[in-house]
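*Asks:* Below are the structure tokens for one structure; questions will follow.
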Amino acid sequence: MNNYITLSDIENLQELIDEALQLKNKNTAGVVGKGKTLGMLFFNPSLRTRLSTEKAAKLLGMEVMVMNADKDGWALEFEDGAVMDSNKAEHIKEAAAVLSQYCDIIAVRAFPDLKDKEKDEAELVLKSFQKYASVPVINLESATGHPLQALTDAITISELKTDKKPKVVLTWAPHPKALPQSVPNSFAEVMQRLNADFVIANPEGYNLNPSITKDVEVTHDQDEALKDADFVYVKNWSSYEQYGKALKTDTSWTLTGDKLKKTNNAKVMHCLPVRRNMVIADEVLDSENSVVIHQAGNRTFAAQAVLRRILEKK
Amino acid sequence: MNNYITLSDIENLQELIDEALQLKNKNTAGVVGKGKTLGMLFFNPSLRTRLSTEKAAKLLGMEVMVMNADKDGWALEFEDGAVMDSNKAEHIKEAAAVLSQYCDIIAVRAFPDLKDKEKDEAELVLKSFQKYASVPVINLESATGHPLQALTDAITISELKTDKKPKVVLTWAPHPKALPQSVPNSFAEVMQRLNADFVIANPEGYNLNPSITKDVEVTHDQDEALKDADFVYVKNWSSYEQYGKALKTDTSWTLTGDKLKKTNNAKVMHCLPVRRNMVIADEVLDSENSVVIHQAGNRTFAAQAVLRRILEKK
Amino acid sequence: MNNYITLSDIENLQELIDEALQLKNKNTAGVVGKGKTLGMLFFNPSLRTRLSTEKAAKLLGMEVMVMNADKDGWALEFEDGAVMDSNKAEHIKEAAAVLSQYCDIIAVRAFPDLKDKEKDEAELVLKSFQKYASVPVINLESATGHPLQALTDAITISELKTDKKPKVVLTWAPHPKALPQSVPNSFAEVMQRLNADFVIANPEGYNLNPSITKDVEVTHDQDEALKDADFVYVKNWSSYEQYGKALKTDTSWTLTGDKLKKTNNAKVMHCLPVRRNMVIADEVLDSENSVVIHQAGNRTFAAQAVLRRILEKK
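Protein chains in written order, with the numbering used here: chain G, 80 to 393; chain L, 80 to 393; chain Z, 80 to 393.
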């Protein structure tokens, strides 16, 4: 693996899932990362992604250096040919090239503004690092994708499924703020590569980018979608059609205990952090059906599998 | 040891002090922490506690991950059943459970608001982590206690005493701001478990929580208390009776060279940082009597002894 | 080496350069730092210096603890005898002494205010740490010098020169903000110790401190200076004469492709970050002549050589 920018950087998904589960089961400190440094660069805050990736790198023997570009006020210029006479102190060309001198892998988090669809889809920050870095780049959640989360989700479903071809439902749920589509985008992508009966349920106006969902069944009837589900992945996202807008914030789509009863005693997933009683009700999160903590635990092994692949250049 | 939340988590104090002093004297890098991760979570800033605990963990071979909850704007919900539709992005239930996936020990610092005695005494942040984490929890100073500091203080007195039963005076001193009672509370507790002639001197209105000081002699006459003292522990705290108030800021209780002369050439202690010429006068801090730097150095060994006990589950 | 405060702490410059280049070529993880801790204390932000020094320390086997004094609001009192009744929570006497308990080497960054020449030249922060710390101190860029950068620059010129005595030009260039003189000061110092034909070119009013530049040729004619140059070091600085002022911000001194043609196909250096098309034009930075990324890469080995010398006390 040369980079991990999108899920398409994974050639054989099941093989990588199996590797992650092996890492989970032995969980021994590795040596492949000895003497190597991971640089983690945050243009937006992070908790789970930072800790799990940091832990994964250290389990492989790597050193980790963290830069909070958002807090350290390190304003970068991305435009070619700019006369840098304002507040931007460094051009991405130097920034990426210099970090490549100190780090063996660079991992970058950069959220969308949710104001300009074309700009967000251009993935300027991530793509610029990929273009100007001389070392591999990992996506720690970008404007339109979160492939480390999606790999974690695929690992979790592979690990917990009891049916060869489980029914997996990705359902929209309400949230007080307008959130990116990166997590549902990457989940929709990864589900198209797993052996699953995959359905997306969301209110009208909330259809995801059709070039990502492709032939996946999309319904506006949550109850119908939940019927017989083996896994329910709950997640809020802002509208793609009315780009970046939060059109609906009432709790009629909150995953409650009553709705869960329609499923095949489904396992409930969420990438966390989760707003209790907005996105998912207490009675669901506190039940045996919730696997959200287990899922968060798998973040480490997803990151470890990706880092090891990149370090081993295979 | 399962947790280190209060001093009562130490069964045999002298044994733990001896272990810390052994660690100090050999100070060899350990292996008991190899492959283990300490997560340090700060709801309030920290310098000494962070550095000494980080150093202690690394001396034991652990990896350390630091999260500044105060700066990273990670607003947690602590209320059961809350509908999370405001600014709090994650419930303590998930936060503690997820951190337990990435860390083998979680250490938490959370100061009091000093506005509502009952609320502070409930120790909501620390107790919630203890309740919802599935790994051991260490108190890095909470609303009402600072047991790592108290253990350091006991180690320092054990190490430096020349008398089997030294006279130890905890004396209040002025400070421009209203400070928590956590350090004097824990010092008063630990002194009741050491073989010492222990006296607390503070102005009227500054008596500590009587359920903590119990039968300890409390006097409002600083000069009388200092007489023949072998150790003088100087510390400001805000009023417990008129909760959280700073009633007195004149310098009549500042520990000066003249006052020190009343003692038995006492060793002067303070947890640091110390306001010079407010809490303690220059001529005392710059004299041979001051052991505050030596005391700060012992923080590492107190933390190391506690971490090792928890890692060894004994 | 006992400290690395100024370039004069280097006794034999060429020997240290050679050591750094050896470290670069083998780049093996060291053991001399095992069990030792580097404390890095930032009163001003840092990216390159932090990462390269952190990496250097870890390559030597050291642990690294970072404190952002600027962000953590750790306001220190530096005045002797101060009554600390305001917002300054700790005196440098305790701060430096306590850090010396937790760290084997302390590295400090503290920029000038550029308002009061005498105050900046007193180097209060750096000198106070040197005075009160009981462990070696490293300068990570102070009010008037940046000796780690200068060592890097000397390493880079030694490594890349094809002529025994190359012509090296330090040329001022425009910048929208008033910057410190620390980098050009240290570069001027180190060049006086290398075998080079060294010239400084700057506009009138921008002469550096004459007690640093001494007998170095200073010209106000950039074109004349660039003629036949083998190395061109481009850097902005604020006026020393009209202390801290930015007198000139037009782009007539920007290093362009046309100006580069006057040189002997010179290698172009800059300490980074660089404002493109203000300080150096795109066509120069994107050409084969630019060695700025290579130069940034050498920061690690300069830091490693200095740290190793200090650790080995030789």
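The beta carbon of each residue, even a glycine, is placed where N, CA and C say it ideally should be.
Who are L:Y83's beta bridge partners in DSSP?
*Replies:* DSSP lists L:I217 as partners of L:Y83.
*Asks:* For G:N123 and G:A212, what's the separation of their Cα atoms in angstroms?
*Replies:* Approximately 20 Å, taken between the alpha carbons.
*Asks:* Please return the same chain residues whose Cβ sits closer than 8 Å to the Cβ of Z:V295, not counting the five positions on each side in sequence.
*Replies:* Around Z:V295: A267, M270, Q271, F277, V278 and I279.
*Asks:* Verify whether the separation of the beta carbon atoms of G:I372 and G:A252 is less than 8 Å.
*Replies:* No.
*Asks:* Have a look at the DSSP bridge pairing and note the partners of Z:L351.
*Replies:* Note: Z:L351 sits in no beta bridge, so no partner.
*Asks:* I need the straight-line Cα distance from G:N166 to G:K150, nearest angstrom please.
*Replies:* For G:N166 and G:K150, the distance between alpha carbons rounds to 15 Å.
*Asks:* Within 10 Å of its beta-carbon, does G:V110 have 16 or more other beta-carbons around it, so buried, or fewer, so exposed?
*Replies:* It counts as exposed.
*Asks:* What do you get for Z:G284, buried or exposed, if any count of 16 or more other CB atoms within 10 angstroms of its CB means buried?
*Replies:* Looking at its Cβ environment, which holds fewer than 16 other Cβ atoms inside 10 Å, Z:G284 is exposed.
*Asks:* Can you tell which of Z:R188, Z:T116, Z:A381 and Z:K306 has its C-alpha closest to the C-alpha of Z:S179?
*Replies:* For the residues Z:R188, Z:T116, Z:A381 and Z:K306, the minimum Cα distance to Z:S179 belongs to Z:T116.
*Asks:* When you compare each of L:I84, L:T231 and L:Q209 to L:M348 by their alpha carbons, which one comes out closest?
*Replies:* Among L:I84, L:T231 and L:Q209, the Cα nearest to that of L:M348 belongs to L:T231.
*Asks:* So, with DSSP's three-state summary, where would you put G:F380?
*Replies:* Helix.
*Asks:* Could you list which residues in chain Z have their beta carbon closer than 9 Å to that of L:M357, in chain order?
*Replies:* In chain order: V162, M163 and D164.
*Asks:* Comparing the C-beta of Z:Y181 with each C-beta of chain L, is any distance below 8 Å?
*Replies:* It does: the Cβ of Z:Y181 has a partner Cβ on chain L nearer than 8 Å.
*Asks:* Would you report the Cα separation of G:E142 and Z:P255, rounded to the nearest angstrom?
*Replies:* The alpha-carbon atoms of G:E142 and Z:P255 are separated by roughly 37 Å.
*Asks:* What is the DSSP secondary structure of L:F277, counted as helix, strand or coil?
*Replies:* Strand.
*Asks:* On the criterion of 16 or more Cβ atoms from any shown chain inside 10 Å, does Z:K306 qualify as buried, or is it exposed?
*Replies:* It counts as exposed.
*Asks:* Please report how far the alpha carbon of G:K338 lies from the alpha carbon of L:G140, in whole angstroms.
*Replies:* Their backbone Cα atoms lie some 48 Å apart in a straight line.
*Asks:* From which residue to which residue does the beta strand (DSSP E) around L:L117 run?
*Replies:* That run of the beta strand (DSSP E) goes T116 to F121.
*Asks:* Look at L:V297 and L:A345 and say whether their C-beta atoms are less than 8 Å apart.
*Replies:* No; because the gap between Cβ atoms is not below 8 Å, this pair is not in contact.
*Asks:* Drop a sphere of 10 angstroms on the beta-carbon of G:N91, count the other beta-carbons inside from all chains shown, and report buried for 16 or more, exposed for fewer.
*Replies:* Exposed: under 16 other Cβ atoms inside 10 Å.
*Asks:* Kindly indicate if chain G contains any beta-carbon less than 8 Å away from that of Z:P263.
*Replies:* Cβ-Cβ to chain G under 8 Å: no for Z:P263.
*Asks:* Can you tell me whether Z:L334 is buried or exposed? The criterion is at least 16 other CB atoms within 10 Å of its CB, across all chains shown.
*Replies:* That one is buried.
*Asks:* Ignoring anything shorter than 3 residues, give me the beta strand (DSSP E) runs that lie fully in the stretch 323 to 370 of chain Z, in order along the chain.
*Replies:* Whole beta strand (DSSP E) segments, 3+ residues: 346 to 348.
*Asks:* If we call anything under 8 Å between Cβ atoms a contact, is L:A229 one with L:V247?
*Replies:* No; because the gap between Cβ atoms is not below 8 Å, this pair is not in contact.
*Asks:* Enumerate, from N- to C-terminal direction, the unbroken beta strand (DSSP E) stretches of 3 or more residues contained entirely within the stretch 173 to 200 of chain Z.
*Replies:* Entirely contained in the stretch 173 to 200 of chain Z, the beta strand (DSSP E) runs reaching 3 residues are, in chain order, 184 to 188.
*Asks:* State the DSSP-derived secondary structure class of Z:V204, mapped to helix, strand or coil.
*Replies:* Three-state DSSP puts Z:V204 in a helix.
*Asks:* Which of the three DSSP states is assigned to L:E373 in this structure?
*Replies:* In the sequence on display, residue 373 of chain L carries His and not Glu. Three-state result, L:H373: helix.
*Asks:* Look up Z:N104 in the DSSP assignment and say whether it is helix, strand or coil.
*Replies:* Helix, per DSSP.
*Asks:* Give me whichever residues DSSP pairs with G:T298 in a beta bridge.
*Replies:* In DSSP, G:T298 forms a bridge with G:A280.
*Asks:* When you check each C-beta in the stretch 234 to 262 of chain L against every C-beta of chain G, which residues fall closer than 8 Å?
*Replies:* Against chain G - using a Cβ distance shorter than 8 Å - the stretch 234 to 262 of chain L contributes no residues.
*Asks:* Should L:T132 and L:A384 be called a contact, given that it needs their Cβ atoms to be closer than 8 Å?
*Replies:* Going by C-beta atoms, L:T132 is not nearer than 8 Å to L:A384.
*Asks:* Taking only beta carbons into account, state which residues of the stretch 309 to 323 of chain Z come closer than 7 Å to chain G, listed in chain order.
*Replies:* Listed by position along the chain: nothing, the set is empty.
*Asks:* I need the DSSP call for Z:F157, collapsed to helix, strand or coil.
*Replies:* Residue state, collapsed to three classes: coil.
*Asks:* Closer than 8 Å, CB to CB, is G:R354 near chain L or not?
*Replies:* Answer yes: the Cβ-Cβ gap between G:R354 and chain L drops below 8 Å somewhere.
*Asks:* Short of 7 Å in beta carbon distance, which residues of its chain neighbour G:R355, apart from the five on each side in sequence? Order them along the chain.
*Replies:* Within the same chain, G:R355 has close Cβ partners D361 and L364.
*Asks:* Between L:V187 and G:A189, what straight-line distance do the alpha-carbon atoms span, to the nearest angstrom?
*Replies:* Near 29 Å, if we compare the C-alpha coordinates of G:A189 and L:V187.
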